[in-house]
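Per the numbering used here: the sequence shown = residues 1 to 543.
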Amino acid sequence: MTSPLAYVIPILVDIGYSWWRMLAALLLSVIFSWAVGVTAATNKTAEKIVLPTLDVLQSVPILGFFPVMIFAIIAVLPGKPGIELAVVFLIFTSMAWNMAFAVYEAVKAIPKEFVEMTNDIGMSALGKLRHLYIPASWPKLAYNALVSWDVGLFFLVSSEIITLGNSSYSVSHGIGVAIATYAAQGNYVAYSEAIALLLVVLVITRALFLRPWALWSEKFKTAEEARAERPDVVYRSYRWIGEKTKAKIFYNLQGIGLIFKPFSRAARSINRRLGTRSTFVGKLVVIVFSLFVLALIIHTIFLGIVALHPIFQLSFWLYLAHLEREVIVALAYSFIRVWGVYAISLVIGVPLAIKAALSEKLYEPVSTATQIISSIPGPVLLPAMVVALLTLPFRGELVAAIVIFLGSFWYIFFNVLGSARTIPKPMLEAADLYGIRGLRRWKDIYIPAVMPSLVTGSITFIGGAWNTLMVAEYFAVSSSSGSVVLTQVGQGIGKLLDIATYSGNLPLLGLSIISMSLLIVAINLTFWRWAYNYTTKRFSYNV
Numbered sequence: 001m002t003s004p005l006a007y008v009i010p011i012l013v014d015i016g017y018s019w020w021r022m023l024a025a026l027l028l029s030v031i032f033s034w035a036v037g038v039t040a041a042t043n044k045t046a047e048k049i050v051l052p053t054l055d056v057l058q059s060v061p062i063l064g065f066f067p068v069m070i071f072a073i074i075a076v077l078p079g080k081p082g083i084e085l086a087v088v089f090l091i092f093t094s095m096a097w098n099m100a101f102a103v104y105e106a107v108k109a110i111p112k113e114f115v116e117m118t119n120d121i122g123m124s125a126l127g128k129l130r131h132l133y134i135p136a137s138w139p140k141l142a143y144n145a146l147v148s149w150d151v152g153l154f155f156l157v158s159s160e161i162i163t164l165g166n167s168s169y170s171v172s173h174g175i176g177v178a179i180a181t182y183a184a185q186g187n188y189v190a191y192s193e194a195i196a197l198l199l200v201v202l203v204i205t206r207a208l209f210l211r212p213w214a215l216w217s218e219k220f221k222t223a224e225e226a227r228a229e230r231p232d233v234v235y236r237s238y239r240w241i242g243e244k245t246k247a248k249i250f251y252n253l254q255g256i257g258l259i260f261k262p263f264s265r266a267a268r269s270i271n272r273r274l275g276t277r278s279t280f281v282g283k284l285v286v287i288v289f290s291l292f293v294l295a296l297i298i299h300t301i302f303l304g305i306v307a308l309h310p311i312f313q314l315s316f317w318l319y320l321a322h323l324e325r326e327v328i329v330a331l332a333y334s335f336i337r338v339w340g341v342y343a344i345s346l347v348i349g350v351p352l353a354i355k356a357a358l359s360e361k362l363y364e365p366v367s368t369a370t371q372i373i374s375s376i377p378g379p380v381l382l383p384a385m386v387v388a389l390l391t392l393p394f395r396g397e398l399v400a401a402i403v404i405f406l407g408s409f410w411y412i413f414f415n416v417l418g419s420a421r422t423i424p425k426p427m428l429e430a431a432d433l434y435g436i437r438g439l440r441r442w443k444d445i446y447i448p449a450v451m452p453s454l455v456t457g458s459i460t461f462i463g464g465a466w467n468t469l470m471v472a473e474y475f476a477v478s479s480s481s482g483s484v485v486l487t488q489v490g491q492g493i494g495k496l497l498d499i500a501t502y503s504g505n506l507p508l509l510g511l512s513i514i515s516m517s518l519l520i521v522a523i524n525l526t527f528w529r530w531a532y533n534y535t536t537k538r539f540s541y542n543v
C-alpha cells in the first residue's frame, strides 16, 4: 500500500508547474488590460469596438478557443512547447477580460480636472499613461486580479487536459492533470491530499503576493476615495524591506550615476521625442499586431477549409440548419440557468459586500474568509460533490447551479466590496448628520454609490457564467466502485459544447460558439451598454 506522504512531493511539483503558467498568464493579462482598457476609455471610436468585443471574448468558453489555437500554435510550434503556450493562452483568456474592464472603469472614473491638468501642462500620451492612467488603474486592477486569479484556477483542469476528437493534448505536469488523474483512478487519498496542498499554497500565495499587491495599490486612490486600511504584518515587512533596499541602492548608485549622466540626458531626450510621437508609435504597434492576428486567422481558416472540405456541399448546409435548431433550444435552457443564478447572487452578494466593506470589524474577517473560499477552484470539488449528490433528484441542475455560482459570484461580490470601500467619508458623515438610515440609506447612498462597479461586476458575472457552462452542464468522474458517474443537465449550450469538443464535431462546436457570441452581442447592445452608460452618468461623483 502506498504511503499518503508519497504523493506530497509529486503534488507540490505539479502545483509549481501550474503556478508558473498562472503567473505568466497574469503578467500577460496586466499588459493586455493596460493596452486595451486605457485605449477604450480614452478613445470613443475604440470604446465602441472594444467593449462589445470584450463581452463576446469573455463569454466564449475557453475551450471554445482551443480548436483554433491548437491548430494554429501546434502548426507553428509543434510538441510540448506548443501545448504549453496553448495552455498559458487559455488561462489568459479566463483572466484578461475582467481585468481589462477594471482598467477601463478606473480610467473613465478619473476626475476631469486631473485630465485637464495633464492637457494644460502639455503632457504627452506616454506621460499620461505612466503618470495618470496606470497609477489610477492600480487599485481596481489589483482587486480584480484577485478574482481573475481564482477564475484562472477554475479553468486550470480544463486548460491542462484538453480533448478534441481522437486527439488528447495535455501537459506533463500540473495540478489540473494530477487532480483529474486521481479522480479518474478513484484514488481519493491522493485526490484529497492534492486539494489540501492546493488550498495551503493558495493561502500562501494570497498572503505573500496577491493581498500585499492589493494593499500597496491603495496608495494610488484619490484623497476622496482613500479609506483607512490597516496593512498586515506581511505588507509592513515588504514596505520595510523596500525602503531599506531603495536606500542602499540609491547610496551605491550615486557614484555610478555621475558616470552615466551623459547617457541619462540622452535617454531623457529620446523619451521627450518618443512622447511627441507616441500617437504614431501606438498606431504602428496596433497595425503590426493586427497584421499578425490577421495572418494567424487566415492560416487557421486555410487549415479549417482543408479539414472541412464538405462545406461546399448542399447537404452540409442542411445539416447545419438541423444543428442550429438544437443549438437555439440549448441556448434557451442555459440562458435561464445563468440569469437565475445571477438573481440569487445579487440577493446574497450585494448586501454582504456593502455591509462588510463599511464595517471595520467585519471587513477583515469577511474579506479574508471570502478570498480563501473563492480561491478554491470549483472543478476540483466536483468529483466529491457529484458522488455526494448521487441519490438526489435534479442532481444535474443542482450541480450546474452550484458550479455557476462558485465560478461567477465573486465578480459581483469583490467589485461591490471594492467600490463600497471607496465611498467618500463626507458622504457618510452627511448621511449621519441628516439622519438618513435604514432602507433609505441603502436606496439613496449605498446602492447608487456601488452601481457602476455593480454593473461592471454583472457584465463579467454573466460572461463568466457562460464560461463555466462547459464544466457545469456536463461532467464525468469515477466513483469509489469504479463506475463512471455522469452529471449532466437535460439540455444546455455548455453540454452541447462539451459533446462537440469530445467528439471532434467542429461544425457543431463552431455553430454553438457563433450562436452564443451573437446572443451575447445582442444582450450587450440592447441592455448592458445602456446600463453602463446610465450608471456612469447618473451615479458619478464628478460635478
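Quick reminder that beta carbons are idealized off the backbone N, C-alpha and C, glycines included. Just so we're clear, the structure is a prediction, and the values are computed from it rather than from any experiment.
query	result
What residue ranges within the stretch 433-461 form continuous alpha helix (DSSP H) runs of no fewer than 4 residues, ordered along the chain?	438-441
CA-CA distance, S515 and L5?	48 Å
What whole-angstrom Cβ distance do I11 and A178 have, given they're in contact under 8 Å?	6 Å
Are the CB atoms of A100 and V147 nearer to each other than 9 Å?	no
For the alpha helix (DSSP H) that N524 lies in, which residues bound it at each end?	Careful: N524 lies outside any alpha helix (DSSP H) and carries neither H nor E.
Any idea what DSSP makes of G79, helix, strand or coil?	coil
Quick one: Cα of I402 to Cα of M95, how far?	21 Å
Residue range of the alpha helix (DSSP H) that T391 falls in?	Taken as a continuous stretch (DSSP letters only), T391 belongs to no alpha helix (DSSP H), as it is neither H nor E.
My output table needs one value for A96: the three-state DSSP class, helix, strand or coil.	helix
Does P81 pass the burial test, meaning 16 or more other C-beta atoms within 10 Å, or should it be called exposed?	exposed
Ignoring anything shorter than 3 residues or poking outside the stretch 388-422, list the beta strand (DSSP E) runs there in chain order.	none
Helix, strand or coil for E243 per DSSP?	Caution applies to E243, whose pLDDT of 46 falls short of 50 and renders its modelled position unreliable; the model cannot decide the point.
Do W466 and I499 have their C-beta atoms within less than 9 Å of each other?	no
So, helix, strand or coil for Y7, using DSSP?	helix
Of all the options I328, N415 and S359, which has the alpha carbon lying nearest to the alpha carbon of L346?	N415
Which word fits S159, buried or exposed, when buried means at least 16 other C-beta atoms lie within 10 angstroms of its C-beta?	buried
Which value, in whole angstroms, describes the spacing of the CA atoms of S503 and K495?	12 Å
My understanding is that L320 touches L509, with C-beta atoms under 8 Å, so please give their C-beta distance in whole angstroms.	No, L320 and L509 are not in contact; Cβ-Cβ is about 12 Å, not under 8 Å.
For W528, which residues of its own chain have a beta-carbon under 6 Å away from its beta-carbon, when the five flanking residues on both sides are left out?	I459
Which of the three DSSP states, helix, strand or coil, is assigned to K537?	helix
Let's test the definition: count the other Cβ atoms within 10 Å of the Cβ of R265 and tell me whether it reaches 16, buried, or not, exposed.	With a pLDDT of 46 at R265, under the threshold of 50, the modelled position of this residue cannot be trusted, and the question is left open.
For a quick check, are the C-beta atoms of W20 and V201 less than 9 Å apart?	no
To the nearest angstrom, report how far apart A353 and K425 are at their CA atoms.	18 Å
Would the stretch 82-90 and the stretch 450-464 be scored as touching if the rule is three or more Cβ pairs under 8 Å?	no
Excluding sequence positions up to five away, which residues of its chain have a Cβ less than 8 Å from the Cβ of R236?	Because R236 sits at a pLDDT of 46, beneath the cut-off of 50, its placement in the model cannot be relied upon, and the following sentence gives the value as read from the coordinates. No residues qualify anywhere along the chain.
Taking Cβ positions, are L406 and L398 nearer each other than 9 Å?	no
Taking C-alpha atoms, which residue in T422, R441 and W138 lies nearest to A430?	R441
If we cut at 9 Å on Cβ distances, does Y191 have a partner in chain D?	You won't find chain D in this structure, because it holds only one protein chain.
Sort I404, I436 and I204 by Cα distance to V471 and report the nearest one.	I404
Whole angstroms is fine: what's the gap from L208's alpha carbon to Q371's?	14 Å
For a quick check, are the C-beta atoms of Y133 and A46 less than 9 Å apart?	no
Which same chain residues, not among the five before or five after V380, have their C-beta less than 6 Å away from its C-beta?	I179 and I195
Leaving aside the five residues before and after M123 along the sequence, list all residues of the same chain whose C-beta is less than 6 Å from its C-beta, in chain order.	none
If you reduce the DSSP assignment to three classes, tell me which class I376 lands in.	coil
Specify, as a first and last residue, the run of the alpha helix (DSSP H) that R130 falls within.	It is not in any alpha helix (DSSP H) - R130 carries neither H nor E in the DSSP assignment.
Suppose the cutoff is 6 Å on Cβ atoms and the five residues either side in sequence are ignored; what does the same chain contact list for S408 look like?	F461, G464 and A465
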